[in-house]
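Working notes, structure below.
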Amino acid sequence: MNRAAILGTGSCLPRRVLANTDLEKMVDTSDEWITVRTGIRERRIAGAGEETSRLAAEASRRALAMAGVSAEEVDLIIVGTMTSEKAMPSCACLVQKELGAVNAFALDVNAACSGFLYSLDVADKYILANPAMKVLVIGAENLSARINWQDRSTCVLFGDGAGACLLTGASDGRGLLGSRLMADGRLWHLLHMDAAPSLNPDLIPEDYAGPYIRMAGQEVFKYAVRAMQDGVAQVLAKVGADPAEVALVIPHQANIRIINSLGDRLDIPAEKIYINVHKYGNTSAASMPIALDEANREGRLAPGDLVLFCAFGGGFTWGAAVLRW
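Numbering (this note's numbering), first residue to last: 17 to 341.
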């Protein structure tokens, strides 16, 4: 049976590091307060020439180099993002241009922090239909462009970056075994980001405050842990696997308390959970592919390992996937 298997991974982080001690000078907060409540110590902030599409393209180049595949061989580019530098064309089209992937078609997926997981599932469907396809799946965000830097409840959480992986069909047991994706639009108001101001005055919301991320943190925390636990249980049942069989969990890197709570509920030991939230903060759709690339390059993944992905994001969107390495 053919499955969508990963040939190579890559990631790209902006050069500028913004530490908690830097934020102390910008807003009423402290290094201790941020670290204890979130686990975040620093994050990367994009600068000139580090637009979302350029970070995504560089992560993709590194994934292609690992796979030994040229940009011209790529058939499809999918970018999970909610912070492309343009509303149109898509970030994926800009990545195609940057790479010179002239034979690929391209599209974006906006599922907030679940964007990489949703994009992985889309790629899987194309590869199941045509196993010879080579598909770049990217998660890329410049959340610093959508933060209210006077709102201490959100500005301490987010960072910028991109991660990518190249997939194609494999019939040797490797690849995506299954996924479970979910959404609940009724709860959008708990975590959302308004678009740029409307040029039609009749369509400007009464409470419009700017194109910033707004979040009810405590409510999101409660939903996130419960939803990801449910998603993981469903996907493991779907593929017939037990939590004890999982070699590595790569969760969305939102908050160390969410990650630890999820591990406790699933009875998965801490050494099996990959964590880099302390270095990069919450990079939304980019967090899991960045973590995947780091784990891969650190030698944390061996052939045959079961890898579990899980995410939760605005929308609400959430889900989980199991891949055999």
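Glycine included, C-beta positions come from ideal geometry on N, C-alpha and C.
From a predicted model like this one, the values you see are computed outputs, not experimental measurements.
Straight-line measurement puts the Cα of Met82 at about 24 Å from the Cα of Ser300.
Scanning the region 92-173 for uninterrupted alpha helix (DSSP H) segments of 4 residues or longer gives 107-115, 131-145, 168-171, listed from N- to C-terminal end. The C-alpha of Asp188 is placed about 45 Å away from the C-alpha of Arg230.
Contact between Gly177 and Cys28 holds, since their C-beta atoms are separated by about 7 Å, short of 8 Å. Rounded to the nearest whole angstrom, the C-alpha separation of Leu339 and Leu192 is 4 Å. For Leu339, the secondary structure class from DSSP, reduced to helix, strand or coil, is strand. In the three-state DSSP reduction, Thr299 falls in the coil class, being neither helix nor strand. Contact annotation: Arg32 and Ala72 have beta-carbon atoms that are not nearer than 9 Å.
With at least 16 other beta carbons inside 10 angstroms of its own, Tyr134 counts as buried. With at least 16 other beta carbons inside 10 angstroms of its own, Val111 counts as buried. Closest in alpha carbon position to Met198, among Asp246, Ala212, Ser160, Val293, is Asp246. As a beta-bridge residue in DSSP terms, Pro267 pairs with Cys326. Straight-line measurement puts the Cα of Arg168 at about 32 Å from the Cα of Ile284. In this chain, the beta strand (DSSP E) harbouring Asp176 covers 176-186.
As the crow flies, the alpha-carbon of Pro30 is around 9 Å from that of Gly175. The DSSP-derived three-state label of Val85 is coil.
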